[in-house]
Amino acid sequence: MTIKVIVCGEGSTDVGKREYKTSQWIDGPAVAYIKNASTKELQIDGIEKNELPRMQKVKCKKGHSVKAERLGRYAILHSYKVAICYVDCDNNAFENIYNEISEGFSYFQNAVIGIPMIPKAMIESWLLADENAYLKVFGGKPSKPQLPKKPESLWGKKEDPNSNYPKNVLKRIVSQFNREPEGWRYALARNSNSKTLLLKCPVSYGRFLCDLKKIK
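The numbering of the sequence shown is the working numbering, which starts it at 140 and goes up by one.
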């Protein structure tokens, strides 16, 4: 039996985007990670933040809990069994964001399975975890530079291209291959091994993997 899942993220580089002309949803790497980690047959649909309907009466007043509450309500109205709320951790406290999202979902816990998805520090950290995924997508393992040993710990100035800001690190890693195949971000995620991700990103991916077990 196929389980309906709705996922909402922050932008096109994580969960994906809606194609303007056709209105078709184009999956981002976060969706690939969901597919890899789940043992169930899922129908995964994406929705952008600005597509979530406004609610006249919200119980949550601030932070990511508001987004999660709106997503939970949308899931119920459109017969989704699972709602996944994606948020980058950035340089913030992981547990605080996790608790905010969980609070927003808590009002619908008997009607929908709400799952936080919070890469630490961001989706690029997960994309920097598995060298074998690069071998499959780019034809070689990163060597100059190599992948970071602890991608969850990466952080630095966004404006400095040589910093440890995850997006900048990923850009430097990919530049060594002198080519960027179409859809390479999704492909890297889809070809990543869950066991490797769990080893390299134990805090954020480990929690996500555990929460996915709620889908039965």
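Every residue gets a Cβ at the ideal spot worked out from N, C-alpha and C, and that includes glycine.
Computed from a predicted structure; not experimentally measured.
Distance CB(residue i)-CB(residue j) smaller than 8 Å
i	j	result
residue 228	residue 260	yes
residue 327	residue 290	no
residue 341	residue 312	no
residue 246	residue 279	no
residue 302	residue 243	no
Close Cβ partners of residue i (< 7 Å) along its chain, the five nearest in sequence each way excluded
i	result
residue 332	269 and 271
residue 179	142 and 354
residue 258	227, 228, 264, 265 and 343
residue 154	146, 147, 148, 167, 169, 170, 185 and 225
residue 325	166, 167, 168 and 171
Proximal residues to residue i (C-beta, below 8 Å), its chain only, five neighbours per side dropped
i	result
residue 176	333, 347, 348 and 351
residue 218	143
Where the alpha helix (DSSP H) containing residue i begins and where it ends
i	result
residue 367	Because the chain in this structure spans residues 140 to 355, residue 367 falls outside the shown range and cannot be described.
residue 222	Taken as a continuous stretch (DSSP letters only), residue 222 belongs to no alpha helix (DSSP H), being part of the beta strand (DSSP E) at 221-225.
residue 334	333-339
residue 156	From DSSP, residue 156 is part of no alpha helix (DSSP H) but of the beta strand (DSSP E) over 155-157.
residue 215	203-216
residue 329	323-329
Cβ neighbours of residue i in the same chain (closer than 6 Å, five flanking residues each side left out)
i	result
residue 305	260, 261, 263, 264 and 293
residue 223	146, 254 and 256
The beta strand (DSSP E) enclosing residue i, as first and last residue numbers
i	result
residue 255	252-256
residue 143	142-147
Handout entry: Sufficient close CB pairs (3 or more, under 8 Å) joining the segment 230-248 to the segment 273-286
Key = no
Practice task
Taking 8 Å as the threshold, find out whether the segment 151-169 comes into contact with the segment 233-249 through three or more Cβ pairs.
Solution key: no
Handout entry: Length at least 3, wholly inside the segment 162-192: the beta strand (DSSP E) runs in chain order
Key = Listed in chain order, they are 164-166 and 181-186.
Exercise for the section: Give, in chain order, every unbroken run of the alpha helix (DSSP H) that is at least 4 residues long and sits entirely within the segment 244-312. Expected result: 262-266 and 270-277
Handout entry: Cβ contact (3+ pairs, closer than 8 Å) linking the segment 313-325 and the segment 294-302
Key = Because the criterion of three Cβ pairs below 8 Å is not met, the segment 313-325 and the segment 294-302 do not touch.
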